[in-house]
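Residue numbers (my numbering), protein chains in the order written: chain A, 7 to 86; chain B, 585 to 887.
Ideal Cβ positions, reconstructed from N, Cα and C, are used throughout, including at glycine.
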């Protein structure tokens, strides 16, 4: 029982570490690429910005959820 | 890191950690977590209008992740969620209009603060009483029962009476296992939406308990359906706030990276707790909100 708990804790820590590296790279890339464009959009075309904002957050939700789920499966599969 | 839209400097690690904590709360309780996110952004010097709008955008992303997970566990009643979304949007407009009227009268801060304290403390006290009484009545429940969607509540007899109110049209909700008047569903949604527009955030702290106690939806389904409904109503809120220049989507995107992991942990955790225990654990959340409001009233700080 204790061994199982330690195993799943180790797997979870590995998942978090891999996810953290991926996400750090991701948001530096995204913010660097999109930052200036979104700032201009927000000041010049508010309605378009509103649509883009919702699309971005929804898109990121689906993408990161898929990555996190895949990562969980991969790491847990290896730890078994 | 500099965020040009809201003209603020914030450490991205701080945003990710805040998102992570709110993600866990959202996945487990079905709440947006605005009572933490708003003050957390304010603490970093983000203007209040940006804190409110950006928090809504972040709620959309976090709720999509948590609602998808809950759906895969069979915890989302789509029909109920869609009906409630209509009422919530209507109620939110009403709440926002009342805020505008109070602004014109010049006493918006004190009225909203006192209403918030009364509502938050009232919900906590009621849920503490109900979940404690239910747990006492069903002391024999085992851990094995925790995953079951069937729920018990000491408030059950009142809920049964509400469900028995026969006002046309009666709506059948097979996923939740109830039949209830459309008007009662809409009334619950309008009240939740009203408080969302009046007190800010997604008002999950009102909607989730209302779904359990008034509509009689099992707690696991109330959490999942509330999250699904929050996706629709928070998207609407994000859109209107973005048009008014109150959304820094870059901050929301960074916060959301932490929320993705937190939401997954929160959703999985619901499988290990029975409904009354989830409701009992929910009790401190509105009290945290009340404590923040009391702090701002006493010290005069605008968190």
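Helix, strand or coil: how does DSSP classify residue i here?
| i | result |
| --- | --- |
| residue 684/B | helix |
| residue 817/B | helix |
| residue 757/B | strand |
| residue 647/B | helix |
| residue 728/B | A caution first: residue 728/B carries a pLDDT of 45, below 50, which makes its placement in the model unreliable, though a value can still be read off. Residue state, collapsed to three classes: helix. |
| residue 762/B | strand |
| residue 586/B | strand |
| residue 639/B | helix |
| residue 751/B | coil |
| residue 628/B | coil |
| residue 738/B | coil |
| residue 722/B | coil |
| residue 772/B | helix |
| residue 787/B | coil |
| residue 691/B | coil |
| residue 614/B | coil |
Nearest to residue i by CA position, among the options, is which residue?
| i | options | result |
| --- | --- | --- |
| residue 840/B | 862/B, 699/B and 640/B | 640/B |
| residue 71/A | 744/B, 846/B and 823/B | 846/B |
| residue 812/B | 825/B, 798/B, 791/B and 710/B | 791/B |
| residue 836/B | 622/B, 883/B, 612/B and 869/B | 622/B |
| residue 796/B | 710/B, 587/B and 597/B | 710/B |
| residue 649/B | 704/B, 850/B and 883/B | 850/B |
| residue 73/A | 38/A, 52/A and 21/A | 21/A |
| residue 661/B | 872/B, 691/B and 804/B | 804/B |
| residue 879/B | 670/B, 701/B, 629/B and 685/B | 701/B |
| residue 815/B | 80/A, 78/A and 64/A | 64/A |
| residue 664/B | 585/B, 644/B and 770/B | 770/B |
| residue 55/A | 694/B, 858/B, 881/B and 824/B | 824/B |
| residue 693/B | 873/B, 782/B, 651/B and 629/B | 782/B |
| residue 28/A | 855/B, 842/B, 857/B and 773/B | 842/B |
| residue 745/B | 844/B, 638/B, 798/B and 637/B | 798/B |
| residue 773/B | 761/B, 763/B, 876/B and 787/B | 787/B |
| residue 872/B | 619/B, 605/B, 591/B and 830/B | 619/B |
| residue 592/B | 617/B, 632/B, 610/B and 616/B | 632/B |
| residue 666/B | 615/B, 829/B, 808/B and 854/B | 808/B |
| residue 832/B | 42/A, 24/A and 31/A | 42/A |
| residue 707/B | 605/B, 779/B, 754/B and 719/B | 779/B |
| residue 617/B | 854/B, 751/B, 720/B and 638/B | 638/B |
| residue 586/B | 614/B, 629/B and 613/B | 629/B |
What does residue i pair with, by DSSP beta-bridge criteria?
| i | result |
| --- | --- |
| residue 592/B | 587/B |
(message) To test your reading of the DSSP string, which unbroken alpha helix (DSSP H) runs of 4 or more residues are found completely within the region 790-836 of chain B?
(response) List check, alpha helix (DSSP H) in window: 803-827.
(request) Return the residues of the region 809-828 of chain B that lie within a Cβ-Cβ distance of less than 9 Å from chain A, sorted by chain order. (result) 815, 819, 822, 823, 824, 825, 826, 827 and 828
(message) What ranges does the alpha helix (DSSP H) occupy inside the region 45-84 of chain A, keeping only unbroken runs of at least 4 residues that lie completely in it?
(response) none
(message) Closer than 8 Å between beta carbons: that is the criterion. Which residues of the region 57-69 of chain A meet it against chain B?
(response) 57, 58, 59, 60, 62, 63, 64, 66, 67 and 68
(request) Identify each residue in the region 833-851 of chain B for which the Cβ-Cβ distance to at least one residue of chain A is less than 7 Å, and report them in chain order. (result) 833, 834, 836, 837, 838, 840, 841, 844, 845 and 848
(message) Taking beta-carbon pairs under 8 Å, can you tell me which members of the region 704-721 of chain B lie near chain A?
(response) none
(request) Identify each residue in the region 26-50 of chain A for which the Cβ-Cβ distance to at least one residue of chain B is less than 9 Å, and report them in chain order. (result) 26, 29, 30, 32, 33, 34, 36, 37, 40, 41, 42, 44, 45, 48 and 49
(request) Mind listing, in chain order, the continuous alpha helix (DSSP H) runs of no fewer than 4 residues lying wholly within the region 851-885 of chain B? (result) 859-866 and 868-883
(request) Taking only runs that begin and end inside the region 649-679 of chain B, name each unbroken beta strand (DSSP E) of 3 or more residues, in chain order. (result) DSSP runs (the beta strand (DSSP E)) wholly in the region 649-679 of chain B: none.
(request) Closer than 8 Å, Cβ to Cβ, to anything on chain A: give me those residues from the region 639-650 of chain B, in chain order. (result) Near chain A, meaning a CB-to-CB distance below 8 Å, the residues of the region 639-650 of chain B are 641, 642, 644, 645, 646, 648 and 649.
(message) Report the start-end ranges of each alpha helix (DSSP H) in the region 21-48 of chain A that is 4 residues or longer and not cut off at the edges.
(response) none
(message) Any C-beta of chain A within less than 8 Å: which residues of the region 757-784 of chain B qualify?
(response) Within the region 757-784 of chain B, no residue has its Cβ closer than 8 Å to any Cβ of chain A.
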